[in-house]
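Numbering (the working numbering), first residue to last: 500 to 606. Glycine included, every Cβ here is placed at the ideal spot set by N, Cα and C. Step one of this worksheet: look at the structure below.
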């Protein structure tokens, strides 16, 4: 599985999208999805909204919260049968840890 996480704010680490692609051993795409997440923040970074976020602010606000997609994301990243691959993965894992901690989940 290849994945990437984006935030709605350059200062915080609140996840707004968890994009992933599942492939087989020959890298044939089996499934791909951009899981939108309401980052539950008061202020949105205008620069990110205008130049980096591919959805509207309203779409972000109406998306499920991290708590609502927690099981889906956990089942992907904690699955022993899935090899997880990412670019700058330490940063993305930092985003996950931040939301896990913020919501009181064990990591």
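Do you know offhand how far residue i's Cα is from residue j's?
i           : j           : result
residue 570 : residue 531 : 17 Å
residue 536 : residue 502 : 15 Å
residue 597 : residue 527 : 32 Å
residue 555 : residue 579 : 35 Å
residue 529 : residue 592 : 23 Å
residue 589 : residue 550 : 24 Å
residue 563 : residue 599 : 15 Å
residue 604 : residue 581 : 22 Å
Mind checking whether residue i and residue j have CB atoms under 9 Å apart?
i           : j           : result
residue 534 : residue 522 : no
residue 504 : residue 602 : no
residue 542 : residue 508 : yes
residue 565 : residue 559 : no
residue 561 : residue 538 : no
residue 540 : residue 519 : no
Given residue i, which residues of its chain have a CB within under 6 Å of its CB, disregarding the five upstream and five downstream residues?
i           : result
residue 584 : 501
Tell me where the alpha helix (DSSP H) around residue i begins and ends.
i           : result
residue 547 : 545-550
residue 567 : 565-576
residue 593 : 588-601
residue 557 : 556-561
Quick one: residues in its chain with C-beta nearer than 8 Å to the C-beta of residue i, no 5 flanking neighbours on either side, listed in chain order?
i           : result
residue 586 : 503
Could you check where the beta strand (DSSP E) with residue i kicks off and where it finishes?
i           : result
residue 531 : 528-535
residue 582 : Element bounds for residue 582: n/a, residue is neither H nor E.
residue 519 : 514-522
Say yes only if the C-beta of residue i is nearer than 8 Å to one or more non-hydrogen atoms of the ligand ZN, and no if none qualify.
i           : result
residue 503 : Looking at this structure, you won't find the ligand ZN or any other ligand, since it has none at all.
Item to check | Three CB pairs or more closer than 8 Å across the stretch 540-558 and the stretch 571-581 | outcome: no
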